[in-house]
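Residue numbers (the working numbering): 4 to 167.
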């Protein structure tokens with residue numbers, strides 16, 4: 004269970020702060036909800052406390068998992084997918100919405116690799132930004148570093164792997 008003031012990750016939306024835990028009544032049944040403000044978008048989301056785990060709400064990764072994420076990014080991707088962009092987009096969106104930071108890292112790596120070989124479609128560019136922002140935000144909180152510093156580290160990893 005999360006406490007007010009803690010940060011949590013909500014799949015597909017990113018890192019948010021638990022602003023309050025409120026009781027609401029729906030159809031005669033009282034239920035507790037986390038009120039979460041997503042940091043990047045300032046969006047407020049209400050998630051039932053009892054259903055938070057099923058919704059994919061989780062804590063921010065620890066330093067061991069940060070290492071795993073960075074290792075995923077460091078692995079050179081030799082896949083050059085010839086599938087239509089809309090099929091890739093659907094697959095990537097499902098992986099991002101899974102809530103797994105490791106899946107998001109794989110999406111980011113694959114899109115970066117694809118970007119080296121061809122111009123990304125508009126949808127793929129947006130997906131690239133979403134994945135990069137999700138990784139950047141969570142790693143910056145986990146490591147207590149500025150997002151710009153994390154972004155520079157990610158860029159260094161990719162430049163080392165994909166010198167054009």
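By construction, the Cβ of each residue, glycine as well, lies at the ideal position given by its N, Cα and C atoms.
- Shown here for residue 102: same chain residues with a beta carbon closer than 6 Å to its own, the five before and five after excluded, namely 14 and 59 in chain order.
- Check the Cα spacing between residue 4 and each of 40, 57 and 123: the tightest is with 57.
- In the assembly as shown, residue 145 is a buried residue. Its beta-carbon has 16 or more other beta-carbons within 10 Å.
- Counting along the chain, the unbroken alpha helix (DSSP H) around residue 119 starts and ends at 104–120.
- Of the residues assessed, residue 67 falls on the exposed side of the cut-off, its CB having fewer than 16 other CB atoms within 10 angstroms.
- Minimum Cα-Cα distance from residue 39 among the listed residues 71, 6 and 32 corresponds to 6.
- Residues 142, 145 and 146 of the same chain have their beta carbon placed closer than 8 Å to that of residue 69, with the five preceding and five following residues left out of the count.
- When secondary structure is reduced to three states using DSSP, residue 36 falls in the strand class.
- Counted as a single uninterrupted DSSP element, the stretch harbouring residue 11 is not any alpha helix (DSSP H) but the beta strand (DSSP E) occupying residues 10–13.
- Classified as buried, residue 127 has 16 or more neighbouring CB atoms from the shown chains inside 10 Å of its CB.
- Looking at the backbone, the Cα of residue 125 and that of residue 118 are separated by about 12 Å.
- The alpha-carbon of residue 89 is positioned some 35 Å away from that of residue 36.
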